[in-house]
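Residue numbers (full-length UniProt numbering): 1 to 261. Contents: one structure, followed by commentary.
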């Protein structure tokens, strides 16, 4: 029977063989940082998937021709970010990649797909309902008028990352569950001839309820990022109002700040 350590070393072969490390030993950038950046990129793009084993520090240092302290520092930086975990008797294992999303008017599905995150969608609710006061105000329609509500669970690499709730004018665009589960909402809107122009968005945070935690594979009370967005087309019409929640352990908003002239 193979020992646990033998199984761990065997499991590293497919994961590591897919990587082509390019370490510049003459660069002023420390080698540990170069290694950490390339490992993080491989995790983000799905080359190293959740569950893949990297083996132990001795295996990696021999394979890469680096000292053990250098490899240990690189691995520790990714352990601190929650991307890797050390398991006794097994080695270093990929946990998951954190979604980094630009703070701009874009579809979460499109952003995840472009980043190689393997997004999938489960439609939980797709029905026409009377608009509540808040929804009516956001969409600029009369309270009680018909709107379509969508509840969807978005996953990356099979792991839940976000719960999405969207409201749209009922007659705006046909919303078929099959298409919603195979592509993004904004892509469907563009296909219907709707040109998205701008949006107002608010980002916040709160603790997960028991129901949200169960659906997102988190502990009750875990930190969640929240986002409310109203999107407008090129005529100034409100075409979508969304209230989304994201796992803070797996998701960040990424944006650039410029100095006002």
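Just so it is clear, CB atoms sit at the ideal spot from N, CA and C, and this is done for glycine as well. Predicted model, so just to flag it, every value in this text is computed and none were measured.
Segment limits, alpha helix (DSSP H) that includes residue i
i, result
"residue 72", "68 to 80"
"residue 191", "185 to 191"
"residue 178", "177 to 180"
"residue 43", "31 to 44"
"residue 222", "First-last for residue 222: undefined, no H or E at that position."
"residue 135", "133 to 139"
"residue 216", "210 to 216"
Option nearest residue i by Cα separation, candidates the options
i, options, result
"residue 134", "167, 28, 48 and 232", "167"
"residue 240", "220, 228 and 249", "228"
"residue 147", "157, 67, 165 and 155", "165"
"residue 93", "53, 123, 129 and 130", "53"
"residue 129", "59, 157 and 145", "145"
"residue 234", "222, 221 and 189", "189"
"residue 206", "71, 245, 175 and 232", "245"
"residue 202", "230, 77 and 42", "230"
"residue 197", "232, 84 and 216", "232"
"residue 204", "247, 127 and 84", "247"
"residue 140", "29, 88, 236 and 183", "236"
Through-space distance from residue j to residue i, alpha-carbon basis
i, j, result
"residue 170", "residue 177", "15 Å"
"residue 22", "residue 119", "28 Å"
"residue 243", "residue 48", "32 Å"
"residue 75", "residue 224", "26 Å"
"residue 31", "residue 163", "39 Å"
"residue 158", "residue 213", "16 Å"
"residue 65", "residue 37", "17 Å"
"residue 103", "residue 56", "Confidence at residue 103 is low in this model, with a pLDDT of 47, below 50, so the placement of that residue should be treated as unreliable; the coordinate-derived value is given next. Straight-line Cα distance between these residues: approximately 37 Å."
"residue 20", "residue 27", "18 Å"
"residue 249", "residue 82", "8 Å"
"residue 123", "residue 216", "14 Å"
"residue 131", "residue 43", "42 Å"
"residue 58", "residue 68", "6 Å"
"residue 25", "residue 222", "41 Å"
"residue 40", "residue 91", "17 Å"
"residue 175", "residue 33", "46 Å"
"residue 183", "residue 156", "13 Å"
Those residues which DSSP pairs with residue i across a bridge
i, result
"residue 93", "53 and 85"
"residue 121", "154"
"residue 145", "In the DSSP output, where bridge partners are listed per residue, residue 145 has none listed."
"residue 234", "Paired residue(s): none; residue 234 is not in a bridge."
"residue 174", "In the DSSP output, where bridge partners are listed per residue, residue 174 has none listed."
Cβ pair residue i, residue j closer than 8 Å
i, j, result
"residue 95", "residue 50", "yes"
"residue 161", "residue 125", "no"
"residue 238", "residue 138", "yes"
"residue 152", "residue 195", "no"
"residue 210", "residue 218", "no"
"residue 173", "residue 142", "no"
"residue 62", "residue 35", "no"
Residue range of the unbroken beta strand (DSSP E) whose run includes residue i
i, result
"residue 238", "238 to 247"
"residue 250", "Careful: residue 250 lies outside any beta strand (DSSP E) and carries neither H nor E."
"residue 169", "159 to 169"
"residue 198", "196 to 207"
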